[in-house]
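Inspection log for the structure reproduced underneath, given as structure tokens.
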Amino acid sequence: MDLTEVIDAYLVESEEFLRDMEAILLRTEVSSPSDDDLNAIFRAVHTIKGTAGMFGFESTVKFTHVVENLLDQLRSHEIPFQSELTEILLNAKDHLSYLVSEETKGKIPDSKIANGNSILEMMKPFQKGDISVFAKKDSNQIRNEDEKESGMTKKEDFSKSPISEPNSSYRIPGYLISFRPNRNVFSQGLDPISFIGYLKKIGSIHSLKTISEIVTHWEEFDPESCYLGFEIHLVSDSDLETVRKVFNFIENDSFLHVLPQGSTIEDLADLSGQLPEEEILLGNIWKEIGILTDISLIHYFEELKSRKTGFSSSVNFGTKLSSLEVQAQEVAETKLSANPIKDQNKSATIKVDSKRIDNLINRVGELVVSCANMNQLIGFTEDSNLQESSILAMRLLNEVREISLKLRMVPIGDSFQKYTRTVRDLGKELGKDIKLITEGNETELDRNIVEKLGDPLTHLVRNACDHGLETPEEREKKGKPKQGTIKLNAYHEAGSVVIEITDDGNGIQKEKVWQKAIDKGLVSGSIPDSEEEIFKLLFHPGLSTASQITNVSGRGVGLDVVLQNIESLRGAITVKSTPNQGSRFILRLPLTLAIIDGFLVAVGQNQFIIPMDMVLECLHFTDDNKTDSNQFFALRGNLIPFLRLRDYYPTDSVGNTLRENIVIVRNGEKKAGIVVERLLGEYQTVIKPMGSVFRHVKGVSGSSILGDGNVALIIDIPSLFERTIAIENERLYK
Amino acid sequence: MEPVQTLRESNSGFEIVWQGYLTVPFVQEWRKLSEIWTDTQGKIIQLDLSAIQRIDSAGIQLLMYLKVLSEKKHQSLQLKNHSLAVLKVLDILGLVSFFGDRVKVKKEHSGEVEFRYGTRKVG
């Protein structure tokens, strides 16, 4: 088994659990947590503890055990939820995040352990009984206690690390009776309850779970047929034969299996194969009735996994284990949990290495390109059947492409969620009252982009908290509500995703920015009218308008880094701001990095691709449309600036200059024209990143290999616009 | 003992009292009697079980079925005033959390039911 992979899965999963936990805790600041909320937090900590225990991560197990106890008391309403607990549990969550990520790398330093203990100390006054005593015990002891809690007798010793312990060393603590009476049992005058009641004469029923098929068979329910089943944990000194004898009369046609005390995980796995219920559900039921413990349940899953060959060649072990456990718990949590029929229709989620998906998308991309080429060639033939087939193939391929691209799409909401905490903490640190509103959480974006967006978004949110919003006193003076608002909004627009970070604070003072830029020697002259031109300066390295450096921002990492990050994602940023009303940073990003719908054009012998979502229309470019200054193109009464691609990408060959075409493109809210010589039509293409030598070439975002083997450059419209403006400015100011 | 159903309709739904043996020989009849209120949608049904003197597996199974059905029909079925016979079966089969109703045990019956398991939802 590759342990690295397993640990990676543990890290990813724990991170997800902790993120959810944080989101729930932040909600508790506004309203009291529901039972579901408390259960979810408990489950998060409980699952992390289980998996950490499996790897022998002592510090994590010790810490989670105490937190779990508190949460257990909360969810069973033994103690009430008090608002002070939010802060403490958030701290516990942070510490747990640290433990999870650091303990996989090595031992946790004592100072951090002490930090954890002080958090546990803070929990003490809220708990019933002194459960913090667990913090001083080692995790082996905790495990032993877990076993005891679940009905283990003292004889069993689980002092070894579970990871080194073979599954077979676990012994079940009592009789496990799996009993499924025959459907006709009632008509034979037999009552299963009386047999179960009789069990009390030979021992004590530790726990029993009634399973019912009614849940799935309710439509055909016949009250005289028996749909019940029972999993019984019996503690008894009687021998196996005596226990079996209890069911003598009813055994005919019924399913009865009795596992004696001391049976192993393997025996349970054998049994689960004979019962009609899902193995996972059974594992959970057995845990519920005290036959399995948290850790042995994991061993049981492990055993099931090893029995199923090819069970998870693409799904790694750690992921499967904990998700199996959670899945099982979720199934059991529904009120009618005891559903013995295997639910075939339930959709399952699998985790796949993102590299595999990237690979698939790449291959699909290649296929799209070669199919497009084939399509083009078939277009020249007269064979209508061939043309029809090719169109059909192309359509199917497009569907495949859509589906494969969607595999990598994730809603941005998860990523937005973490800023609730950022804003909350920053507000406290800066003495400001800030509310974060998120919108468009369901907007989907390529996972790779979402991951890379983390830093820039954090920076912009921190900026909004620090520079953007005023203190409550200042706001009050201005007649604004004391509480400042930051809004994160995401939406789709013309094949792109737009993310806006808006605050209702100070707004950016244009004069201050301009002055700062003059001081830095970046610009000269009087302040221009164009707001955009001024705000662009904000993204210049070293230009900070912060009047003071705080812990939060103004530490030298400026908006220039944000811009670089966004540009590396083929995105763009624009800024809008109104004094005293606030600022808005608008990020425009492509939906995906892998494939684009392009519009193929040519200048001389060279071919270029313009991203399709930016193309508005194509027109003949005639002299009649040109203005005198030869810089604008008249389109239905509007003047649109244009540029000749030939001027920017000179080509040796003489083009067909007699009949030029203009492609009207848009970038955000602006329109412009690009004059080209030939229009070759729509073209789906896989983006190949530029080699490192050409990475900083402006105006080109990537390249693509065309079906005929030629290379086409993909035009980066925003940077081409920018470059044109820069050249124009230079010309004007000279 | 033959099933007797007393039914009172209120604004929110029905209040029903069941009297008799909730056992195999009578389950078909109970099922038929219940049709009158299981066919309604979105109502609150309060089923008083104080007069159930006997109940067996078939009886408890019928109650489980009615619970499932009420959820399918967006009703809310609440069992109340459980008789000792009903409580004993709920106790031994660990079905308290399945029904999710408040269970009251009279002082004189306190030694007869333990509710050691099946009272908490799994989480």
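As given, the protein sequences belong to chains U and E, one line each in that order.
Under the working numbering, the first sequence has 771 at position 419, and the numbering climbs by one with no breaks.
Under the working numbering, the second sequence has 105 at position 62, and the numbering climbs by one with no breaks.
The beta-carbon is built from N, C-alpha and C at its ideal position, and this holds for glycine as well.
Computed from a predicted structure; not experimentally measured.
About 5 Å separates the beta carbons of residue 59 of chain E and residue 90 of chain E, which is inside the 8 Å limit, making them a contact pair.
Looking at the backbone, the Cα of residue 794 of chain U and that of residue 758 of chain U are separated by about 14 Å.
No Cβ of chain U is located within less than 7 Å of the beta carbon of residue 64 of chain E. In this structure, DSSP gives residue 523 of chain U a state outside helix and strand, which the three-state scheme calls coil. The closest CA to that of residue 453 of chain U, considering only U:361, U:782 and U:384, is found on U:361. Per the Cβ contact rule, the segment 604-611 of chain U is in contact with the segment 527-543 of chain U (3 or more Cβ pairs under 8 Å).
Each of U:618, U:951 and U:860 was checked against the Cα of residue 1036 of chain U, and the nearest Cα belongs to U:951. Residue range 100-115 is occupied by the alpha helix (DSSP H) that includes residue 114 of chain E, with no beta strand (DSSP E) assigned at that position. Taken in chain order, the whole beta strand (DSSP E) runs of length 3 or more contained in the segment 824-855 of chain U are 836-845 and 848-855.
Listed along chain U is no residue with a C-beta nearer than 9 Å to that of residue 153 of chain E; the closest approach is about 18 Å.
Note on geometry: alpha-carbon atoms of residue 828 of chain U and residue 363 of chain U lie some 45 Å from one another. Using a CB distance cut-off of 7 Å, residue 566 of chain U counts as an interface residue toward chain E.
At a cut-off of 7 Å, the C-beta of residue 44 of chain E has no neighbouring C-beta in chain U.
Counted as a single uninterrupted DSSP element, the beta strand (DSSP E) harbouring residue 798 of chain U occupies residues 796-798. Partner residues in a beta bridge of residue 409 of chain U, as assigned by DSSP, do not exist. With the criterion set as a beta carbon lying under 7 Å from some beta carbon of chain U, the members of the segment 64-88 of chain E are 67, 70, 71 and 74, in sequence order. Of the other Cβ atoms in all chains shown, fewer than 16 fall within 10 Å of the Cβ of residue 876 of chain U; this residue is therefore exposed. Residues of chain E with a Cβ closer than 9 Å to the Cβ of residue 559 of chain U are, in chain order, 137, 159, 160 and 161.
The C-beta of residue 432 of chain U has fewer than 16 other C-beta atoms within 10 Å across all chains shown, which makes the residue exposed. Contact annotation: in the segment 569-591 of chain U, residues whose CB is within less than 8 Å of a CB in chain E are 570, 573, 575, 576, 578, 579, 580 and 582. Residue 133 of chain E is bridged by DSSP to nothing; it lacks a bridge partner. Distance from the Cα of residue 937 of chain U is smallest, within the candidate group U:996, U:838 and U:998, for U:838.
Taking one beta carbon from each stretch, the segment 611-622 of chain U and the segment 569-579 of chain U have fewer than 3 pairs nearer than 8 Å; the two do not touch. Listed as beta-bridge partners of residue 761 of chain U by DSSP are U:798.
Under the three-state reduction of DSSP, residue 739 of chain U is assigned to helix. Under the Cβ criterion (8 Å, minimum of three pairs), the segment 763-773 of chain U does not count as touching the segment 730-737 of chain U.
Beta-bridge analysis with DSSP links residue 1063 of chain U to U:1057.
Between residue 940 of chain U and residue 923 of chain U the beta-carbon gap is near 6 Å, inside 8 Å, which marks them as a contact.
Of the other Cβ atoms in all chains shown, fewer than 16 fall within 10 Å of the Cβ of residue 45 of chain E; this residue is therefore exposed. When DSSP assignments are scanned along the segment 542-614 of chain U, the uninterrupted stretches of alpha helix (DSSP H) that are 4 or more residues long and fall wholly within it turn out to be 544-554, 566-569 and 592-597. Within chain E, the residues placing a beta-carbon under 9 Å from that of residue 538 of chain U are 67, 70, 99, 100, 101 and 104, ordered along the chain. With a threshold of 7 Å between beta carbons, residue 111 of chain E makes contact with chain U. A straight-line Cα-Cα distance of about 22 Å links residue 999 of chain U and residue 1033 of chain U.
Looking at the DSSP output, residue 892 of chain U sits in no beta bridge, so it has no partner there.
A straight line joining the alpha-carbon of residue 70 of chain E with that of residue 583 of chain U spans about 25 Å.
At a beta-carbon threshold of 8 Å, the residues of chain U lying near residue 132 of chain E are 545, ordered along the chain.
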